[in-house]
Amino acid sequence: MSADMAAETEVGEGGDGGRESNARADGGLRDRLVYLAVLSRPRFWLYLAGPVVVGVAAAASAPADLFGLEAVALFAYFLVPANVFLYGVNDVFDADVDEANPKKDDREARWRGDPVNTAVVAGSGLLGVGLFVLVPRVAWPWLAAHFFLAVEYSAPPLRFKTTPLLDSVSNGLYVLPGVAAYAAVSGSNPPMLAVAGAWLWTMGMHTFSAIPDIEPDREAGIRTTATALGERRTYWYCAATWGLAAVAFAAVDLRLGALLAAYPVVVLGIVAAGVDVDRAYWWYPVINTVVGMLITLGALWRLVNG
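Heads up: the sequence shown begins at -15 in the numbering used here, then just goes up one per residue.
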């Protein structure tokens, strides 16, 4: 074999090896991105970002407010990075108990505790610190409360998720991005009755979503509002919190109260019809999206028509 042919062979082999190495790297990167996307629960992304949209629309005094720096930054952060952080922290501290949870096989991801994933979760939380630079101080307490609850819901020493009632109450963390967005855009806090109504809504939503986990949580020794009450009484708890949420919103605007009244009506219908919770569980992302959309459209109509 001539020197020229040998050189061509070595270049060709090196090129193939490089392509194979790049393919493996691309596959590894793609696998990691898919894993992190699944970990962040895409079907629930709007549970954090949706309240931002509602808060911005309710607070806006001019169409330009809808696309201001604060509004866009809050929406972008709470759409993806905040979900990576929230559910990443959850999965880190639930890695052992999740071994018995069938949801991790069907529709969620089991925690892969390698340094890169840990760094991405931590970095997603640190990214949120930048929001304090962008928003006015009136929004700071709401953001701080969100990040505190996002961590302590799952992490020691408080680990609210393992204490009945506190696991439910601490889920007000989901509406706090919307409260912060309202404060950032308007420069003032929203009506406290609206905050109370939204907080009660999250309590019912969280506890309803915990019903499918009652048996896995009991087997793992985890105590929650749902495991303490049992399935039947948990339905009534959800109906009560959602009913109170509707009353609180009605005190702000009767139309809001009427819209939120759909939640206790639906859960009572589930009980009366004997619908399996694993089936009903999947209705709520749709219901929440529709309700949030209607509230937002109402706020935008007010904005456009004065």
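Beta carbons: idealized from backbone N, C-alpha and C, even for Gly.
**Request:** Within 10 angstroms of the Cβ of Met189, are there 16 or more other Cβ atoms? Answer buried if so, exposed if not.
**Result:** buried
**Request:** Would you identify the three-state DSSP class for Ser122, choosing helix, strand or coil?
**Result:** The sequence given here places Val at residue 122; Ser does not occur at that position. Here Val122 sits in helix by DSSP.
**Distance between Pro99 and Leu278 (C-alpha atoms, nearest Å)** = 42 angstroms
**Item:** CB contact flag (Ser108, Phe69, <8 angstroms)
**Value:** yes
**Prompt:** Thinking C-beta only, is Pro200 closer than 8 angstroms to Gly227?
**Reply:** no
**Message:** Does Arg216 come out as helix, strand or coil in the three-state DSSP assignment?
**Reply:** helix
**Request:** Indicate the three-state DSSP secondary structure (helix, strand or coil) for Asp75 in the structure shown.
**Result:** helix
**Asked** Whole-angstrom Cβ separation of Pro161 and Pro35, contact assumed at under 8 angstroms?
**Response** 5 angstroms
**Message:** Going by C-alpha to C-alpha distance, which of Gly276, Thr218 and Asp262 sits closest to Ala246?
**Reply:** Gly276
**Beta-carbon proximity list for Leu63, same chain, < 7 angstroms, skipping 5 on both sides** = Trp29 and Ala33
**Prompt:** Hey, quick one: how far does the alpha helix (DSSP H) through Ile254 stretch, first residue to last?
**Reply:** Ala246 to Ala257
**Distance between beta carbons of Ala194 and Thr209, contact taken as under 8 angstroms** = 7 angstroms
**Asked** What number of angstroms, rounded off, separates the C-alpha of Tyr221 from the C-alpha of Val231?
**Response** 15 angstroms
**Message:** Please report the distance separating the alpha-carbon of Ala164 from that of Ala129.
**Reply:** 10 angstroms
**Beta-carbon proximity check, Leu149 vs Ala134, cutoff 8 angstroms** = no
**Item:** 7 angstroms Cβ shell around Arg186 - same chain, five flanking residues per side excluded
**Value:** Per the sequence shown, residue 186 should be read as Thr rather than Arg. Result list for Thr186: Asn155, Gly156, Tyr158 and Val159, in chain order.
**Candidates Val76, Val113 and Ala43, of which the one nearest Trp285 by Cα** = Ala43
**Request:** Alpha carbon to alpha carbon, how far is Thr147 from Glu292? Give it in angstroms, no decimals.
**Result:** With the chain covering -15 to 290 only, the question about residue 292 has no answer from this structure.
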